[in-house]
Amino acid sequence: MNRDTGRKLNWRIADEMGLPWWQSWYVRGFENTLMDCVAEEDFYIELLDRMSRLTLDIIEECAGIPADAIMMGDDWGNQRGVFIGP
6 MNRDTGRKLN WRIADEMGLP WWQSWYVRGF ENTLMDCVAE EDFYIELLDR
56 MSRLTLDIIE ECAGIPADAI MMGDDWGNQR GVFIGP
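Pasting the structure below:
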């Protein structure tokens, strides 16, 4: 509801749950994902490649739905800064 006009707003929003970083720690667990970045680099790169392809497929599917917006996000940090510094 628009507070100024009192008119009902009709918007459709598609929400894609996370991008490759978030998906990887959802699947592997947060600590395992951090360890994969260092100790299993080839495995982790392949995992991110697969997650990226999945994300691109989802984006292509979203193009065919009548949505006004597509929400996407990833989580690279917390209240104190990024998870992995440069």
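Counting with our numbering, you get residues 6 to 91 for the letters of the sequence shown.
Each residue gets a CB set at the ideal place from its N, CA and C atoms; glycine is no exception.
Residue range of the beta strand (DSSP E) that includes residue i
i, result
"Ile75", "Ala74 to Met76"
Helix, strand or coil at residue i according to DSSP, with G and I counted as helix
i, result
"Asn83", "strand"
"Leu52", "helix"
"Ile70", "coil"
"Leu24", "coil"
"Ile64", "helix"
Segment limits, alpha helix (DSSP H) that includes residue i
i, result
"Asn37", "Phe35 to Ala44"
Residue i versus residue j: straight-line alpha-carbon distance, rounded
i, j, result
"Leu59", "Leu39", "21 Å"
"Pro25", "Ile63", "12 Å"
"Asp54", "Gly90", "22 Å"
"Glu46", "Asn15", "45 Å"
"Gly78", "Gly23", "5 Å"
"Val87", "Glu36", "15 Å"
"Trp27", "Asp73", "24 Å"
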